[in-house]
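Notes follow once the structure below has been shown.
Numbering (the numbering used here), first residue to last: 1 to 118.
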């Protein structure tokens with residue numbers, strides 16, 4: 001059920017260990033939200049161009065974690081804290097390139113979510 005999207009600046013392509021990050025998110029967030037690892041889906045999107053702040057050289061990683069409705073605000077905040085720490089752990093700093101890390105936990109409507117495995 002958890003749907004994760006990681007958007008990252010192209011300049012971070014070699015600095016972000018994407019597969020290890022996804023697996024760490026699955027293993028760590030799963031027990032917090034009572035979800036099996038097999039239910040997680042993570043996709044990565046490289047951002048070819050972005051402008052941050054005043055346009056000086058900078059990069060970003062933004063993570064969106066979608067959970068079915070019904071989780072408490074406190075639980076979603078804990079998922080956010082844990083998730084942003086995992087991003088930091090799986091990103092090598094790039095010299096001369098300040099990087100902003102952001103994470104958003106959002107609700108997916110339980111009544112509208114559909115899943116099948118074929």
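Cβ coordinates follow ideal geometry from the N, Cα and C atoms, glycine included.
Supposed contact pair residue j and residue i - C-beta distance, whole angstroms, cut 8 Å
| i | j | result |
| --- | --- | --- |
| residue 64 | residue 92 | Incorrect: roughly 22 Å between the Cβ atoms, too far for contact. |
| residue 57 | residue 101 | In fact, because the Cβ distance is near 16 Å, the residues do not count as touching under 8 Å. |
Buried/exposed call for residue i, threshold 16 Cβ in 10 Å
| i | result |
| --- | --- |
| residue 106 | exposed |
| residue 9 | buried |
| residue 22 | buried |
| residue 2 | buried |
| residue 117 | exposed |
| residue 20 | exposed |
Coil, strand or helix - residue i by DSSP
| i | result |
| --- | --- |
| residue 103 | strand |
| residue 90 | coil |
| residue 95 | coil |
| residue 69 | coil |
Rounded straight-line distance, which links the Cα of residue j to that of residue i
| i | j | result |
| --- | --- | --- |
| residue 42 | residue 72 | 22 Å |
| residue 52 | residue 39 | 34 Å |
| residue 90 | residue 16 | 6 Å |
(Q) I want to know whether the segment 52-70 touches the segment 79-90 - three or more CB-CB distances under 8 Å. (A) Verdict: yes, contact present.
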